[in-house]
Each structure stands twice: as C-alpha cells, then as structure tokens.
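Asks:
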Amino acid sequence: MKNKGNVLYSLIIILAGVINFPVQAQQKNGAIKSETKDISTSHGPTTSVRTIRQDSKGNMLLVSIEGIIRYDGKSFTNLTSKMGSHKFWDVLEDRRGNFWFASLGSGVFYYDGKSFQNFTTRDGLASNLVFEIYEDKAGIIWFGTGEGASRYDGKSFRNFKMKEGPPPAYAAADSVHVSDYHKELHHPEVYWMINETNNRIHTIIEDKTGKFWFGTWGDVCIYDGKTYTSLTNKYGRTFKNVRSMVKDRKGNIWLGGGGGLWRYDGTAFTNFTRNSVDYVYNDRKGNIWTSSRINNGQDWALSRYDQKSLSDKKPTVTEIKSGGDGVFGISEARDGSIWFGATDGVYRYDGKIVKRL
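Just add 356 to the spot in the sequence shown (first one is 1) and you have the numbering used here.
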C-alpha cells in the first residue's frame, strides 16, 4: 500500500508538472497563450462596469470586474476569462488593431488577438497600478499609473514621476505656474515633474499643439517636451482629483473632477457645474456627456450638454438618468446610442429610453 501511495503521489506531481509547464514557459517570454475558449453569454455583465470603448469593428468593449467583455451586437464574450482574476480598469485599441488592458495591481496586458503579454514594473512600467491608457499622434502608448506616467515606444518605457513637496505659489486667477524641468542624472529614463502633489495620474490627453496634459489626484499639468505648466482655474485654485479629460472638435480641453466640469479654450477656463464629475465624453455631434455626483454626493447622474448651447451663459443640460450608486464610462455606438457603465452592469440609451443589457 505504501508503494502504491508513493507511485500515486509521484504520478500526481508529474501530471501537475506537465499541466503547469506550458504556462511557466509562456511566462518566461511574457506571453500567455489562449488555452481555453472565450466565454460568451446573451446578457451583459452583472457587476460594476468602469470603462466602455468601441473598437475599430464596431464592437463595444466593456471593462468590468468580471473582465474585458466584448459585445458584437449579438452576444457578450469575456476576452480575459482565461487569464485569471485581475482588476481591469481601462482598455485601448491602438492604430495597429492590438489591444491594451490596464489593471489595478497587475500592470498592463497587451493582446494581439492570439496571446497576451504582461508588462509590469519589472519591465520598466512606473507602477502596476494603471488607470489610463492613451495613444498619442505618433503612435506612442502612454500609461497613467499610481506612480506617475509611463511612455512605451514599442521597445522600452520612459517614466515621468512627480516629486512630493510644498504646493507651488500660484499667481492670480486664469494664470498658470511654470515649474522647472529636471532630468534625473542617475536615472536618465526618469523625468521629474517638480512641485506636483501627487503621482496618481487618472487621465492623459494630447492637445492640438502637441502638448500633453496630465490629470492627477492633486493637480493638472501640461508638458511641452521641456517644461511643465501647472494650471489653476479662474478662481486661482488647482484642479483637484481630475478623473477625465477630452478634446472637442474645436480643440478645447474639457476637464472633469472634484471641482466640477471645466472647459479650456486655450486662453481661459469656463465652469459648467460644480458637482463632482467622474467621466467626460464628447459624442460625434459635439455634445458633452458627463457622469456626476448630485444631491451632495448621495446620487449619480448621466447628463448631456447640448453642443448648440455650449457657448451660452446657461447651456442646455438634459439629465438622462439620475439616482443609483454610480455612473461610469460613457461611449457612443455606431448607431448613435449612448452606452454607460454602472455598479450593476451596462446600460444603453437610444435617445428615448435607458435599458440595462
């Protein structure tokens, strides 16, 4: 019996080694190949959906606690079911048709349609806590992380980190503060943003002049390749907890955060609401959509600012949905419908009614 037990134990160890060997080999070269079929269902996710994007084929990509889910007009398919449990936060399809998945704690995943490759701090990423993925005009991929921004050119990472320190002495309203530009002598791949109060970068955008905007927990700064400019609003205050930025058809930059919704036209800021704004989206018609906290932060609302009235002193605002625990990522489908995430899944607004999918 003892010999039989030893043989059985040895057989289990051998089988475990055989089963695990392909995975271990794949991890060495950074690629995780698909070993199981993607899971498809007729209903959408039932847990929180943080971000929604549309890919080049018209599919809707939903970033949820359950994984990255693709909707092709008929069924919902979990693209990451084979990868184990990861807290995904954002998704991007680059100009080559490849996908990038941001996670909170596991770094970034690159997906070419066949296999996944994981990038972490071991590969040069600033932090494994990744909130934002952005592709600039040159095709360079940027990541907003919990420890600054990372830029990936397809070969290596260059990191942009913020030093902690006293807040800058800001000037009068509608002005900007220009900070110094430094290159770390011992770490040439790291560039420091001086006088910033937080490394946590929620959102990144490139403006019409080629400058990069970084929205952080503690400030907003603009990088022109040499210097950083820290911004204040027309009241002389910094933009705290900026969570979303978009560029409209005129090149204006819209910021959503703890201080409300703001538009910057290149000269001055205009405030549209003081309610805390979590997400900003610009649809094909030029309307601005927001998810914001209302009723002293007790409820959430999905609102639309009509593009025809954006220059008015009091623009036309339509509250599409209010109440509930959360309204998150917003995206427009090819048919013109607006999709948005919530704590209990994904919703679709067809211009008349809001329906949970």
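Positions of the beta carbon are idealized from the N, C-alpha and C atoms, including for glycine.
All of these numbers come straight from a predicted model, not from anything done at the bench.
Quick check: the Cα distance between Asp655 and Val633, rounded to an integer number of angstroms?
Replies: Cα to Cα, Asp655 sits roughly 12 Å from Val633.
Asks: Closer than 8 Å is the cut-off here; do at least three beta carbon pairs connect the stretch 691-698 with the stretch 663-674?
Replies: No, the stretch 691-698 is not in contact with the stretch 663-674.
Asks: As a quick exercise: from Gly685, Asn643, Trp445, Arg478, pick the residue whose alpha carbon is nearest that of Phe513.
Replies: When only C-alpha atoms are compared, the closest one is Arg478.
Asks: Where does Asn627 land, buried or exposed, given buried means 16+ other C-beta within 10 angstroms?
Replies: Exposed, by the Cβ-count rule.
Asks: Do you know offhand how far Phe568's Cα is from Gly510's?
Replies: Computed Cα separation, rounded: 19 Å.
Asks: Roughly how many angstroms lie between the CA atoms of Ser586 and Gly500, to the nearest whole one?
Replies: Roughly 17 Å between the two C-alpha positions.
Asks: Is Thr477 helix, strand or coil by DSSP?
Replies: Correct three-state label for Thr477: helix.
Asks: Which partner residues does Leu421 have in the DSSP bridge list?
Replies: Looking at the sequence shown, residue 421 is not Leu but Ile. DSSP, once it has assigned bridges, lists no residue as partnering Ile421.
Asks: Taking only runs of the beta strand (DSSP E) that begin and end inside the stretch 541-622, which ones reach a length of at least 3 residues, in chain order?
Replies: Those beta strand (DSSP E) runs which fall completely within the stretch 541-622 and span 3+ residues are 546-549, 557-562, 568-572, 576-579, 584-587, 598-603, 609-613, 616-620.
Asks: Can you tell me which of the three DSSP states Ser462 falls into?
Replies: Coil.
Asks: Under the DSSP definition of a beta bridge, which residues are partnered with Ile676?
Replies: Partner(s): none; Ile676 has no beta bridge.
Asks: Do you know how far the Cα of Asn555 is from the Cα of Lys596?
Replies: Taking the straight line joining both Cα atoms gives about 13 Å.
Asks: Taking all protein chains shown into account, do 16 or more other C-beta atoms lie within 10 angstroms of the C-beta of Trp618, making it buried, or fewer, making it exposed?
Replies: It counts as buried.
Asks: In whole angstroms, give me the CA-to-CA distance for Gly461 and Lys443.
Replies: Going from the Cα of Gly461 to the Cα of Lys443 covers about 7 Å.
Asks: What is the rounded straight-line gap between the Cα of Phe465 and the Cα of Ala458?
Replies: Distance between the alpha carbons of Phe465 and Ala458: 7 Å.
Asks: Which of helix, strand or coil does DSSP assign to Asp700?
Replies: It is coil, neither helix nor strand.
Asks: By alpha-carbon positions, which one of Thr565, Asp700, Phe570 ends up nearest to His558?
Replies: Considering only alpha carbons, the answer is Phe570.
Asks: Answer with buried or exposed for Gly653, where buried requires no fewer than 16 other C-beta atoms within 10 angstroms of its C-beta.
Replies: Classification for Gly653: exposed.
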